[in-house]
Amino acid sequence: MEGKGAFTKEVDAALLAGDADLAVHCVKDVPADRPLLAGAVFAAFLKRDDIRDALIHPGGVTLDELPAGTRIGTSSVRKIAQLPVYHPHLECVPMRGNANRRLEKLGAGEADGLILAVAGLERIGRRERRPWPPT
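Using the UniProt record's numbering, read the sequence shown as starting at 1 and increasing by one per residue.
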């Protein structure tokens with residue numbers, strides 16, 4: 001990753017150059033310590049997506065039911081920090097890529113289970129996965 005604003009820079013540049021009339025960003029990708037572009041405003045905020053995460057595991061079990069040493073993939077820095085605290089029997093495997101790519105990595109055996117955002121699963125049409133409450 002390029003750092004702060006990596007996901008917004010290209011779109012912002014198009015807006016500044018007049019090549020775009022508006023920009024749509026995920027608020028989590030907008031750096032809080034950088035001012036908005038001159039003349040830009042947050043014109044609207046969409047309804048928030050489902051905030052829960054889902055455990056994707058072939059056995060359809062919960063994190064507590066998994067045996068010690070089970071490898072759980074995630075791209076979330078927060079989950080990488082939380083998993084050893086709440087589930088020290090599990091091994092956290094940092095996993096990059098979009099939701100489909102991470103599901104492919106799971107299928108290829110790079111992890112035994114996967115934690116993904118429910119909202120991301122809904123966006124790719126995979127609602128059948130089991131959500132669990134945020135910690």
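Cβ atoms here follow ideal geometry from the backbone N, Cα and C, with glycine treated the same way.
Tell me whether Glu91 sits in a helix, a strand or coil according to DSSP, three-state version.
Within the sequence shown, the letter at position 91 stands for residue 91. Strand at Glu91.
Which runs of the beta strand (DSSP E) fall wholly inside the segment 42-86 and span at least 3 residues, in chain order?
53-56, 71-74
Are Asp53 and Ile115 touching if we call contact CB-CB under 8 Å?
For the purposes of this step, residue 53 is identified with residue 53 of the sequence shown, where counting begins at 1. For the purposes of this step, residue 115 is identified with residue 115 of the sequence shown, where counting begins at 1. Contact: yes.
Lys9 beta carbon near the ligand GDP (any heavy atom closer than 7 Å)
The model depicted lacks the ligand GDP and carries no ligand whatsoever.
Buried or exposed: which applies to Gly73, given that a residue is buried once 16 or more other Cβ atoms fall within 10 Å of its Cβ?
Within the sequence shown, residue 73 is the residue found at index 73, counting from 1. When all chains shown are included, Gly73 counts as buried.
May I ask you to verify whether the segment 62-76 touches the segment 14-32, counting CB pairs closer than 8 Å and requiring at least 3?
no
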